[in-house]
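Structure record follows, encoded as structure tokens.
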Amino acid sequence: MNKSKLQKHDWHPADIIAALHKKGTSLAAVSRQAGLSSSTLANALNRPWPKGEWLIADAIAVHPAEIWPSRYYDPKTNRLIDRKKLIRIRT
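Following this line, the structure appears as structure tokens:
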């Protein structure tokens with residue numbers, strides 16, 4: 001089978017925002033609930049940020065790899081990468 005047919009694409013930022021709205025929340029609300037500035041989570045839409053990705057994914061009840069496969073799958077092996085260990089914990 002053609003490898004390009006198996007390749008998943010990242011969700012469009014508008015689709016992520018729509019999924020949050022379908023769950024009755026918003027990017028700003030999820031950001032504030034996490035103790036962040038209301039605009040902070042928007043960073044995860046355009047650049048890798050594991051903590052933000054997990055907050056968004058948890059809010060819409062999917063694994064972040066479903067939303068951002070390019071960030072969570074090794075392009076050579078197509079195996080899931082454990083990016084959760086990249087999250088810094090505040091002390």
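Numbering (UniProt numbering), first residue to last: 1 to 91. Even glycine gets a Cβ: it sits at the ideal position worked out from N, Cα and C.
- Pairing S26 with R32, the inter-Cα distance amounts to about 10 Å.
- One alpha carbon belongs to A19, the other to K51, and they sit about 18 Å apart.
- Beta-bridge analysis with DSSP links L80 to Y73.
- Excluding five sequence positions before and after I60, the CB atoms of its chain that fall closer than 7 Å to its own CB belong to A19, L20, K23, given in chain order.
- A65 and R71 have their C-alpha atoms spaced approximately 7 Å apart.
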